[in-house]
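Colleague:
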Amino acid sequence: MSHHKIQNITQDDVDQLADFLHRSITDFQEVNPYGSHGVVRSRDEICENLKSTFEHHLTLDPTGNFGLKLCQDETICGCLLFFPQIYRYQGKTYRALGSGSFFVDPKARMQGFFMFRKYLATPGYDFYFGNTCNTNSIALWQNCKGHVVPNSDIEYLILLKPAAIFEELVLRKNKPYLKPLARLAGHLAGCFTTWRRNVDLEVTPASSHEQLAKIAETVCIDTLVTTDRSVKYLKTRYPNLTQTADKSQPQIFVIRASQKPCGWFVIDQSKRGKNQQINAARVLDVVWQRDQITLKQILKAIASSLDPSIDMISVRARPGICLDTKMPHSYQRQLPAPESAVLAKCDIEGLAEKIDFATIDTV
């Protein structure tokens with residue numbers, strides 16, 4: 625009779641873990657074609673990302689506590705990746721432990737609960753968080769006395785070229801014979817979009833991690849719990865900073881007002897829709913001078929930097945990012961479940977309302 629065992633993940637597990645994650649992520653995306661997930665990665669890309677993530681992990685947690693795996697007869701059938709992160713709030717530094725990719729084979733679903741409880745018992749951290757939750761995992765957070773981050777079940781969509789999106793609407797209504805008419809209507813509607821017009825900010829590719837860290841230190845406000853954007857963090861998260869031509873990698877741009885740096889943003893690109901016909905750009909992170917520049921100005925600057933083939937921009941709601949959907953060609957999409965939750969063991973009152981996540985891939 626076989627038994628399930630919950631064990632710590634080690635660097636020796638990378639190859640088998642990459643196989644399991646690739647299969648699990650592929651299965652998840654096949655049943656969630658409308659999700660806000662980013663670039664679909666190959667098994668080898670996941671493997672390389674795991675290796676670099678574990679190396680960065682060791683700089684913050686020398687114990688090498690990379691996460692937990694669920695095994696049956698030495699075969700991985702579940703995993704919960706950890707990633708330590710530094711946050712800053714009102715001059716203080718806090719250590720947090722994030723829950724990354726969390727997948728369990730359906731037959732071992734109950735074991736996932738025990739694995740999650742073990743994660744929350746990891747010592748040495750001020751709070752625990754997840755920002756890639758789904759319907760199942762958000763229920764675990766709530767059952768374990770975690771708090772849902774307000775509005776983390778909202779995705780804002782900025783339509784730049786409506787034709788592919790209009791096509792998606794008729795496909796979802798199972799009326800494919802209306803595709804040509806929908807595309808025509810979308811092309812006509814696109815003539816009235818203004819997101820790429822009258823841009824009053826300058827956008828240029830980022831030149832160095834030091835430049836980005838300096839801008840973040842200047843513009844990030846201390847009334848929010850903000851993720852660390854130090855040089856060390858940025859080099860780990862975005863190692864290929866200058867490869868702006870490689871669309872498979874996140875693209876990073878600096879925003880300038882009157883030739884002075886006032887913020888930066890990170891985007892990645894992916895295909896979305898029933899037929900993967902929508903070219904989407906997802907905002908992974910953005911910082912700017914919020915007291916002088918509006919979110920609408922920032923989004924217009926982002927739109928102006930994108931390839932002409934991009935149909936829409938996806939932005940996750942979070943503290944300080946609340947879009948007025950009365951603006952033309954902008955919509956609010958209700959996600960199946962909140963994507964972010966926290967559990968505090970520190971003295972930050974109302975942490976869930978103050979935490980300013982960067983929307984990043986954690987695999």
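If you're matching positions, the sequence shown starts at 625 in the working numbering and goes up one per residue. Built from N, CA and C at the ideal position, the CB exists for glycine as well.
Any idea if residue 761 is buried or exposed, counting beta-carbon neighbours within 10 angstroms, 16 or more meaning buried?
Modeller: If you number the sequence shown from 1, residue 761 lands on position 137. The residue is buried, with at least 16 neighbouring Cβ atoms inside 10 Å.
Colleague: Exposed or buried, residue 764, counting other C-beta atoms within 10 Å across all chains shown (16 or more means buried)?
Modeller: The residue you call residue 764 lines up with position 140 of the sequence shown. By the 10 Å Cβ count, residue 764 comes out buried.
Colleague: Could you work out which residue in 644, 686, 697 and 639 is closest to residue 672 when comparing CA atoms only?
Modeller: Translated into positions along the sequence shown, residue 672 becomes position 48. Of the candidates 644, 686, 697 and 639, the one whose C-alpha sits nearest the C-alpha of residue 672 is 639.
Colleague: Look up residue 936 in the DSSP assignment and say whether it is helix, strand or coil.
Modeller: On the sequence shown, residue 936 is found 312 positions in, with the first residue counted as 1. Residue 936: strand per DSSP, three-state reduction.
Colleague: Please list the terminal residues of the continuous beta strand (DSSP E) segment that includes residue 888.
Modeller: As a working note, residue 888 is residue 264 in the sequence shown. Per DSSP, residue 888 belongs to the beta strand (DSSP E) from 884 to 896.
Colleague: So, is residue 748 buried or exposed, given that buried needs 16 or more other C-beta atoms within 10 angstroms?
Modeller: Counted from its first residue, the sequence shown places residue 748 at position 124. Exposed is the call here.
Colleague: Check for me: the alpha helix (DSSP H) holding residue 842 runs from which residue to which?
Modeller: Sequence index remark: in the sequence shown, residue 842 carries index 218 (1-based). For residue 842, the enclosing alpha helix (DSSP H) starts and ends at 833 to 843.
Colleague: Answer with buried or exposed for residue 929, where buried requires no fewer than 16 other C-beta atoms within 10 angstroms of its C-beta.
Modeller: Position 305 of the sequence shown, counted from the start, is the residue given in the question as residue 929. Buried is the call here.
Colleague: Check whether the segment 935 to 943 and the segment 778 to 791 touch, using three or more Cβ-Cβ pairs below 8 Å as the test.
Modeller: yes
Colleague: Residue 658 by DSSP, collapsed to three states: which one?
Modeller: Translated into positions along the sequence shown, residue 658 becomes position 34. Low confidence applies here, because residue 658 scores a pLDDT of 48, under 50, leaving its location unreliable; read the following figure in that light. If DSSP states are grouped into helix, strand and coil, residue 658 belongs with coil.
Colleague: Could you tell me which residues DSSP puts in a beta bridge with residue 903?
Modeller: Locating residue 903 in the sequence shown gives position 279, counting from the first residue. In the DSSP output, where bridge partners are listed per residue, residue 903 has 895.
Colleague: Using 8 Å for Cβ pairs, my map puts residue 779 next to residue 957. What's the rounded Cβ distance?
Modeller: Position 155 of the sequence shown, counted from the start, is the residue given in the question as residue 779. Position 333 of the sequence shown, counted from the start, is the residue given in the question as residue 957. Contact flag correct, Cβ pair sits at about 4 Å.
Colleague: Mind the definition here: the segment 677 to 692 touches the segment 820 to 831 only if three or more C-beta pairs lie below 8 Å; say whether that holds.
Modeller: no
Colleague: So, with DSSP's three-state summary, where would you put residue 779?
Modeller: Position 155 of the sequence shown, counted from the start, is the residue given in the question as residue 779. Three-state result, residue 779: strand.
Colleague: Kindly indicate the opening and closing residues of the alpha helix (DSSP H) around residue 689.
Modeller: As a first step, residue 689 is located in the sequence shown; it is residue number 65 there, counting from the start. The continuous stretches of alpha helix (DSSP H) do not include residue 689, and DSSP gives it neither H nor E.
Colleague: How about residue 680 and residue 860: are their beta carbons less than 8 Å apart?
Modeller: Here the question's residue 680 lines up with position 56 in the sequence shown. Here the question's residue 860 lines up with position 236 in the sequence shown. It is a contact, given that the beta carbons lie within the stated cut-off.
Colleague: In angstroms, rounded to a whole number, what distance separates the CA positions of residue 630 and residue 643?
Modeller: What you label residue 630 is simply residue 6 of the sequence shown in a count that begins at 1. What you label residue 643 is simply residue 19 of the sequence shown in a count that begins at 1. Using only the alpha carbons, I get a separation of about 18 Å.
Colleague: Taking the alpha-carbon positions, what's the residue 674 to residue 795 distance?
Modeller: If you number the sequence shown from 1, residue 674 lands on position 50. If you number the sequence shown from 1, residue 795 lands on position 171. Each residue's alpha carbon lies about 36 Å from the other.
Colleague: Given a threshold of 16 other Cβ atoms within 10 Å of its Cβ, counted over all protein chains shown, does residue 801 qualify as buried or as exposed?
Modeller: As a working note, residue 801 is residue 177 in the sequence shown. When all chains shown are included, residue 801 counts as exposed.
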